Amino acid sequence: MAYGVKDVRTVMDPMDNQYHFVLIIILISLIIAAGISLFFTSGQGPDFSTDKSWNSPYDANNSIESDKPSSWIVRILWFDDTNRTYSFQDYPSELKPDPKTYTFTGVSPTGSKPAMIRFLSWDGNTERMVGAQYIIDQEDVTSILNRYSLTASKSPDTISSMKGTTTPKPAGTPNPEMLIPEAGFVCQNADGTYTARFGYISRHDHPVSVPIGEQNRFYPGEADRGQPDIFLPGVHRDAVTITYPSDATNQMWSLMNKQASAGTVPALDTSINIDPKSGYAPLEVRFSQRSSGNVMTNPVSGVWILGDGTTINQTGAFSHRYENPGMYQVRYIVSNMCGQASDSEVIRVYRASYSWTPHPDDPATITFRETSEGTPTVFFWDFGDGYTSWERNPVHIYAGPGTYHVGLTISGEHGKGTAVKAITIP
Numbered sequence: 001m002a003y004g005v006k007d008v009r010t011v012m013d014p015m016d017n018q019y020h021f022v023l024i025i026i027l028i029s030l031i032i033a034a035g036i037s038l039f040f041t042s043g044q045g046p047d048f049s050t051d052k053s054w055n056s057p058y059d060a061n062n063s064i065e066s067d068k069p070s071s072w073i074v075r076i077l078w079f080d081d082t083n084r085t086y087s088f089q090d091y092p093s094e095l096k097p098d099p100k101t102y103t104f105t106g107v108s109p110t111g112s113k114p115a116m117i118r119f120l121s122w123d124g125n126t127e128r129m130v131g132a133q134y135i136i137d138q139e140d141v142t143s144i145l146n147r148y149s150l151t152a153s154k155s156p157d158t159i160s161s162m163k164g165t166t167t168p169k170p171a172g173t174p175n176p177e178m179l180i181p182e183a184g185f186v187c188q189n190a191d192g193t194y195t196a197r198f199g200y201i202s203r204h205d206h207p208v209s210v211p212i213g214e215q216n217r218f219y220p221g222e223a224d225r226g227q228p229d230i231f232l233p234g235v236h237r238d239a240v241t242i243t244y245p246s247d248a249t250n251q252m253w254s255l256m257n258k259q260a261s262a263g264t265v266p267a268l269d270t271s272i273n274i275d276p277k278s279g280y281a282p283l284e285v286r287f288s289q290r291s292s293g294n295v296m297t298n299p300v301s302g303v304w305i306l307g308d309g310t311t312i313n314q315t316g317a318f319s320h321r322y323e324n325p326g327m328y329q330v331r332y333i334v335s336n337m338c339g340q341a342s343d344s345e346v347i348r349v350y351r352a353s354y355s356w357t358p359h360p361d362d363p364a365t366i367t368f369r370e371t372s373e374g375t376p377t378v379f380f381w382d383f384g385d386g387y388t389s390w391e392r393n394p395v396h397i398y399a400g401p402g403t404y405h406v407g408l409t410i411s412g413e414h415g416k417g418t419a420v421k422a423i424t425i426p
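Okay, so the sequence shown: first residue is 1 according to the UniProt record's numbering, each after it adds one.
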């Protein structure tokens, strides 16, 4: 038993020496740390509570505090759910805004709501972000930026009235993926030439510059067609309009190695078909039209003016009933972004009518006289008592007193018409 105890103590003695060594190392480290702490608190090192360069993370990155006085910009991201667009609007501030307490008190763009506010410093050459405030959820902001269209917005070049500032110049060559040319609608002119509109989308939030040349040119033909060389943020549909000959197949705008092409389109024109163009009231008329100039990017729309106070917005065939006799000027107007074209016709609606006169000595003897318009050639009378006649102006004797509904049906080159009247025999 005594052997076992002596043997264990003999094995553990080296381990005790190692433990003593580790404890000595730890004690030395604590003494050194205490000395460093004493050094800094005694004013020999930087004071984090008062040193300006340590108090602000932006100062540490040389972002907002500098020896130069700065102006301030409040940049608000506005979004429009109805049109699915967004824009960045800049609001200069002479005082430094506090991102934690800032509230916008100006007038918001029509139909827009704020999504996010960025707070920027401006030293006359460079803007730096000093904070941000999310009005809506950050994921929703990301969704707006990815799915909505950017529209034109104010940029820092509007900030020229601030003291100590100068208008920033557009940056150099922009990011090619953020500057995109677009071809707008094309119109054929009366002389056969074509006019096309071109625009661009810039996803930058500041103006950028692309000089006219290899990276900003039209072809075939003259490279310089008056296109811009300074490109503003947002969507700009009609940046430049060009005209090219009738025998040209297309025109290309090459911008930062991206192309937009405009070709040829049919001329805007229309012709109408009306059937019938004349007849007796009530007259049922069928209308149709054939128009040219309709393309996917510039569709046409049409309106019928029927002359009786009726207006119909329709491109397909339809029918309309004219209840009363008269002359009706019918016009169809077709239009698109190129202009409008029209065609017109006159509809004549005739009246079927007659008069009657009792005999002075016998009120039951009636003389009928046809008075219709449109020079009819066939006449059929129904006297309402079972008798009829094919004469134009017949004389009819009624057997007894009463009220009779007399009908006259006529026909001729303008179709068929009917007139019915009630006649009382005493």
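For glycine and all other residues, C-beta sits at the position ideal for the given N, C-alpha and C. From a predicted model like this one, the values you see are computed outputs, not experimental measurements.
Where DSSP assigns a beta bridge to residue i, which residues make up the other side?
| i | result |
| --- | --- |
| residue 485 | Missing from the structure shown is residue 485; the chain here goes from 1 to 426 and no further. |
| ASP308 | Paired residue(s): none; ASP308 is not in a bridge. |
| LEU255 | ASN216 and LYS258 |
| GLN133 | ILE117 |
| THR241 | ARG197 |
| HIS206 | DSSP output for HIS206 lists no bridge partner at all. |
| ASN298 | VAL295 |
| SER149 | THR85 |
| GLY316 | The partner list for GLY316 (beta bridge, DSSP) is empty, contrary to what the question assumes. |
| GLY234 | SER202 |
| SER71 | TRP122 |
| TYR322 | LEU283 |
Grouping DSSP H, G and I as helix and E and B as strand, with all else coil, what is residue i?
| i | result |
| --- | --- |
| ASP382 | strand |
| THR388 | strand |
| ASN216 | strand |
| ILE144 | helix |
| PRO181 | strand |
| GLU413 | coil |
| ASP188 | Strictly speaking, residue 188 in this sequence is Gln, with Asp absent from that position. Of the three classes helix, strand and coil, the one that applies to GLN188 here is strand, per DSSP. |
| GLU127 | strand |
| ASP229 | coil |
Can you give me the C-alpha to C-alpha distance between residue i and residue j, rounded to a whole angstrom?
| i | j | result |
| --- | --- | --- |
| GLY384 | THR367 | 15 Å |
| MET337 | LYS113 | 31 Å |
| GLY412 | THR193 | 49 Å |
| HIS320 | ARG392 | 31 Å |
| GLY213 | ASN250 | 20 Å |
| VAL186 | SER292 | 14 Å |
| GLN89 | GLY131 | 16 Å |
| VAL210 | ARG217 | 10 Å |
| TYR91 | ARG75 | 6 Å |
| ARG348 | THR315 | 23 Å |
| TRP390 | THR377 | 11 Å |
| LYS163 | ASP123 | For LYS163, the predicted structure reports a pLDDT of 32, less than 50, and the residue's modelled location is therefore unreliable. A value from the coordinates is still provided. Going by the C-alpha atoms only, they are around 10 Å apart. |
| TYR387 | GLU370 | 17 Å |
| ALA115 | ARG128 | 20 Å |
| SER254 | VAL235 | 17 Å |
| VAL395 | VAL346 | 38 Å |
| SER93 | GLY184 | 38 Å |
| GLN133 | ILE201 | 27 Å |
| THR310 | GLN329 | 11 Å |
| ASP205 | SER149 | 13 Å |
| GLY111 | ASP80 | 6 Å |
| GLY263 | ALA248 | 8 Å |
| SER118 | SER108 | Sequence inspection shows Arg at residue 118; the Ser mentioned does not correspond to that position. About 16 Å. |
| ASP308 | GLY402 | 39 Å |
| THR85 | ASP343 | 39 Å |
| SER335 | LEU120 | 47 Å |
| THR416 | THR195 | In the sequence under discussion, the amino acid at residue 416 is Lys, which differs from the Thr named in the question. Between LYS416 and THR195, the C-alpha separation is close to 51 Å. |
| MET256 | SER71 | 34 Å |
Open item on the list: Would you call the stretch 238-250 in contact with the stretch 303-311, where contact means no fewer than 3 C-beta pairs closer than 8 Å?
Closed with: no
Open item on the list: In chain order, what are the residue ranges of uninterrupted beta strand (DSSP E) at least 3 long that sit wholly in the stretch 326-389?
Closed with: 326-336, 339-350, 354-358, 365-370 and 378-382
Open item on the list: Taking contact to mean 3 or more Cβ pairs, one atom from each stretch, closer than 8 Å, check whether the stretch 208-226 and the stretch 274-282 are in contact.
Closed with: no
Task: Touch test, the stretch 138-152 against the stretch 100-108, Cβ-Cβ under 8 Å, three pairs minimum - done: In short, these stretches do not touch, since the Cβ pair count stays below three.
- [ ] Ignoring anything shorter than 3 residues or poking outside the stretch 77-113, list the beta strand (DSSP E) runs there in chain order.
- [x] 85-93
Task: Three CB pairs or more closer than 8 Å across the stretch 285-299 and the stretch 258-272 - done: yes
TODO: Just list the beta strand (DSSP E) runs in the stretch 266-293, keeping only unbroken ones of 3 residues or longer that don't cross its boundaries, in chain order.
DONE: With a minimum length of 3 residues, the continuous beta strand (DSSP E) runs that stay inside the stretch 266-293 are 269-275, 278-280 and 283-292.
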